[in-house]
Amino acid sequence: MSNKSIWEDIKIKVKKKDMESELNTDILIIGCGITGLTTAYFLKDIEKKVILIDKGKVGSGITSKTTAKISYLQENIYTKLTNNFNIFTAKNYLDSQLDAIELIKNIIDRNKIECDFKKVDSILFTNEKINIDKINKEKDLLEQWNIHTNDIINDNIVKGFSVSNTYTFHPLKYLNGLVKIINKNMDIYENVIATNISKEKDEYKIETNNGIIYAKTVVVACHYPFFIIPTMIPLKTYIQREYVNANKVANRYNYTLINVDNNLISIRYYRDYIIFGSNKHKLTSKIDYKENYDNSRKDFKNLFNIESLYTWMNQDIMSNDNLPFIGEIKDNLYISTAYNAWGMTNSTIGAKLIVDLISNNENKYKELFNPNRINSNLVIDSIINSFHYMKVYPVSLFKKNNPTYVEIKGIKYGIFTDSFGKQHKVSLICPHMKCNLVFNREENTWDCPCHGSRFDIDGNIILGPSVKDIK
Ligand SMILES: Cc1cc2nc3c(=O)[nH]c(=O)nc-3n(C[C@H](O)[C@H](O)[C@H](O)COP(=O)(O)OP(=O)(O)OC[C@H]3O[C@@H](n4cnc5c(N)ncnc54)[C@H](O)[C@@H]3O)c2cc1C
Numbered sequence: 314m315s316n317k318s319i320w321e322d323i324k325i326k327v328k329k330k331d332m333e334s335e336l337n338t339d340i341l342i343i344g345c346g347i348t349g350l351t352t353a354y355f356l357k358d359i360e361k362k363v364i365l366i367d368k369g370k371v372g373s374g375i376t377s378k379t380t381a382k383i384s385y386l387q388e389n390i391y392t393k394l395t396n397n398f399n400i401f402t403a404k405n406y407l408d409s410q411l412d413a414i415e416l417i418k419n420i421i422d423r424n425k426i427e428c429d430f431k432k433v434d435s436i437l438f439t440n441e442k443i444n445i446d447k448i449n450k451e452k453d454l455l456e457q458w459n460i461h462t463n464d465i466i467n468d469n470i471v472k473g474f475s476v477s478n479t480y481t482f483h484p485l486k487y488l489n490g491l492v493k494i495i496n497k498n499m500d501i502y503e504n505v506i507a508t509n510i511s512k513e514k515d516e517y518k519i520e521t522n523n524g525i526i527y528a529k530t531v532v533v534a535c536h537y538p539f540f541i542i543p544t545m546i547p548l549k550t551y552i553q554r555e556y557v558n559a560n561k562v563a564n565r566y567n568y569t570l571i572n573v574d575n576n577l578i579s580i581r582y583y584r585d586y587i588i589f590g591s592n593k594h595k596l597t598s599k600i601d602y603k604e605n606y607d608n609s610r611k612d613f614k615n616l617f618n619i620e621s622l623y624t625w626m627n628q629d630i631m632s633n634d635n636l637p638f639i640g641e642i643k644d645n646l647y648i649s650t651a652y653n654a655w656g657m658t659n660s661t662i663g664a665k666l667i668v669d670l671i672s673n674n675e676n677k678y679k680e681l682f683n684p685n686r687i688n689s690n691l692v693i694d695s696i697i698n699s700f701h702y703m704k705v706y707p708v709s710l711f712k713k714n715n716p717t718y719v720e721i722k723g724i725k726y727g728i729f730t731d732s733f734g735k736q737h738k739v740s741l742i743c744p745h746m747k748c749n750l751v752f753n754r755e756e757n758t759w760d761c762p763c764h765g766s767r768f769d770i771d772g773n774i775i776l777g778p779s780v781k782d783i784k
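Right, here's the structure in full:
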């Protein structure tokens with residue numbers, strides 16, 4: 314079975330362009346997922362030179378494995394934001410999500426992007442009596458803001474309600490539509506990885522595997538920023554992994570579902586398929602990834618009485634205070650990240666905010682998403698996270714005989730033997746922040762349980778924030 318998502322058969326068509334050893338541009342966008350491409354879309358009429366780079370293929374990052382619900386009903390986010398900040402911040406966030414939905418609708422309508430964009434209702438529910446209060450609080454907040462809700466009475470759930478005006482789409486068809494538009498007057502360079510960024514006089518110098526790019530303005534849209542200072546993202550966030558299963562079903566419905574229970578359940582439909590997300594966990598916990606995969610397949614079988622045709626996993630950056638980090642972190646250097654698993658709307662509103670900031674336009678969400686903000690909740694959670702990161706996963710945790718582990722001169726190595734009997738030996742230290750790597754027996758990769766970097770059996774980087782291979 315492949316661990317590809319249901320979307321990944323779509324090939325995004327990019328005009329092929331090889332990078333010269335030195336490039337100059339007004340604006341550089343690093344990363345071509347939904348964040349980078351939407352930012353480029355909003356910049357399409359600007360009279361400045363804009364170029365985009367991606368370390369791999371366009372659209373091959375986290376966006377290729379999303380479940381692509383476009384919704385403002387995001388677990389009990391408004392209750393959490395009211396607790397973490399206040400009711401005004403929570404309402405401001407709701408407005409941002411509603412605006413984002415309108416922006417996505419406009420982009421699709423105006424450009425006639427064929428991406429299976431579909432209006433659906435969204436349901437929030439619980440199957441645990443203890444969580445009824447969470448549902449009630451979220452519903453009350455939404456109603457207070459004139460969002461109409463309907464109670465769901467169903468034997469399969471304990472408590473739930475639905476809202477309307479939410480959507481689903483095919484994320485890679487959408488990105489393909491964006492590329493068609495922006496590639497008319499912007500160059501996109503694939504397989505170019507940004508490894509370092511520094512300031513030289515009034516512009517930025519970006520080192521890549523293919524040469525140097527000089528840019529007056531840089532938008533870092535690469536999901537997990539590859540530099541630590543000044544954003545300090547590792548201290549403000551954690552990574553959440555989730556497992557997704559899909560197969561054809563006879564009965565399909567015009568709604569999406571998500572719960573507020575500890576074992577997250579997320580459901581949407583796509584054409585003949587049901588797409589089911591479950592088994593979310595902090596990356597630092599539940600590190601037997603194969604077991605997590607197996608459990609998600611079991612849940613799928615138990616609930617729908619069908620085997621999985623597709624099983625994949627994905628991970629997103631979660632901020633400790635439940636708000637994304639979007640905006641200018643330093644003169645003309647912008648980031649947009651930590652969408653808390655709601656990246657369709659947040660990447661869109663983020664792209665609009667960044668383009669407004671670049672163009673000196675007012676934007677009412679500038680303070681809401683301020684990427685340099687400090688929140689006392691961050692500090693406590695950061696300490697807890699750091700404790701997890703420091704934990705050395707002892708070799709004895711992995712009792713399996715493949716891979717095996719050796720220690721030479723104090724350095725731990727993992728040795729994986731492939732089906733031809735060839736041994737692949739790598740150091741177990743992640744180049745990003747020196748965490749110990751863990752073997753992912755489902756996909757035969759070495760994964761960093763701290764910040765989510767992933768490497769193949771020979772140590773080649775698959776997913777950042779690391780920009781280096783392991784030895
Ligand atoms: C299981 C799961 C389900 C989800 N479901 C939903 C959902 O239903 N609705 C929703 O709104 N959100 C959902 N999300 C969240 C959403 O998918 C993500 O937040 C969003 O796709 C992130 O987009 P991005 O463009 O920031 O990142 P990406 O798509 O990862 O794009 C970043 C790009 O940058 C490139 N890159 C990385 N490093 C470098 C570098 N150093 N140099 C050059 N290029 C680089 C990568 O190759 C990649 O192409 C889900 C997340 C998960 C984990």
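Using this note's numbering, you'd call the opening residue of the sequence shown number 314 and step up by one each time.
For each residue, glycine too, the CB sits at the ideal point set by N, CA and C.
Since this is a predicted model, take the numbers as computed values, not measurements.
Setting aside the 5 residues that flank it on each side, arginine 565 is surrounded in the same chain by Tyr582, each with a C-beta closer than 6 angstroms to its C-beta; the list follows chain order. Excluding its 5 nearest sequence neighbours in each direction, leucine 670 has C-beta neighbours in its own chain below 8 angstroms: Gly640, Glu641, Tyr647, Asn676 and Lys679, listed in chain order. Taken through DSSP and simplified to helix, strand or coil, arginine 610 comes out as helix. Apart from sequence neighbours up to five positions away, the residues of its chain that approach asparagine 567 with a beta-carbon distance below 6 angstroms are Val433, ordered along the chain. Per DSSP, reduced to three states, the secondary structure at aspartate 771 is coil, with no helix or strand assignment. Non-local beta-carbon contacts of alanine 507 in its own chain, meaning distances under 6 angstroms to residues more than five positions away in sequence, involve Ile343, Ile519 and Thr521 in chain order.
Non-local beta-carbon contacts of threonine 379 in its own chain, meaning distances under 6 angstroms to residues more than five positions away in sequence, involve Pro484 in chain order. For arginine 554 against methionine 626, the beta-carbon gap comes to about 6 angstroms, under 8 angstroms, which counts as contact.
Cα atoms of threonine 624 and glutamate 503: separation of roughly 27 angstroms, rounded to the nearest angstrom. For asparagine 592, the enclosing beta strand (DSSP E) begins and ends at 586-595. At the C-beta level, phenylalanine 682 and proline 744 stay beyond 7 angstroms of one another.
Non-local beta-carbon contacts of lysine 643 in its own chain, meaning distances under 7 angstroms to residues more than five positions away in sequence, involve Pro543 in chain order. Across the set Val476, Glu321, Lys447 and Asn444, the C-alpha of Val476 shows the shortest separation from the C-alpha of glutamate 456.
With a threshold of 16 other beta carbon atoms within 10 Å, alanine 654 meets it and is buried.
The shortest C-alpha to C-alpha distance from serine 598 to any of Gly372, Pro762 and Ile323 is the one to Pro762. The three-state secondary structure of glutamine 553, taken from DSSP, is strand.
At least one heavy atom of ligand 1 lies less than 6 angstroms from the C-beta of lysine 368.
In this structure glutamate 451 is buried. Its beta-carbon is surrounded by 16 or more other beta-carbon atoms within 10 angstroms.
Our two residues, isoleucine 325 and serine 779, have alpha carbons roughly 25 angstroms apart in a direct line. Contact between leucine 394 and tyrosine 406 is confirmed by a C-beta separation of about 6 angstroms, below the 8 angstroms threshold. The Cβ-Cβ distance between isoleucine 426 and glycine 473 does not fall below 7 angstroms.
Under the DSSP assignment, glutamine 457 falls outside any beta strand (DSSP E), being part of the alpha helix (DSSP H) whose first and last residues are 445-457. Per the DSSP secondary-structure output, phenylalanine 729 pairs in a beta bridge with His737.
In the three-state DSSP reduction, isoleucine 323 falls in the coil class, being neither helix nor strand. In the structure shown, asparagine 489 adopts helical secondary structure according to DSSP, grouped into three states.
Beta-bridge partners of tyrosine 647 (DSSP): Val532 and Glu641. Across the structure, asparagine 560 and glutamate 756 are spaced so that their CA atoms are roughly 20 angstroms apart. Judged by DSSP secondary structure, arginine 581 falls outside any alpha helix (DSSP H) and instead within the beta strand (DSSP E) spanning 578-583. Leucine 341 has Ile364 and Val531 as its beta-bridge partners, per DSSP. When only Cα atoms are considered, asparagine 399 and aspartate 634 end up about 12 angstroms apart.
Residues Pro744 of the same chain have their beta carbon placed closer than 6 angstroms to that of lysine 781, with the five preceding and five following residues left out of the count. Taking the CA atoms as reference points, histidine 764 sits about 22 angstroms from asparagine 576.
Here glutamine 736 is exposed. Its C-beta has fewer than 16 other C-beta atoms within 10 Å. Taking the Cα of threonine 550 as reference, the smallest distance to any Cα among Asp629, Val327 and Glu620 is reached at Asp629.
In this structure, leucine 596 sits away from isoleucine 580, with a CB-CB distance that is not shorter than 7 angstroms. Annotation for lysine 442: no beta strand (DSSP E) segment contains it, and DSSP assigns it neither H nor E.
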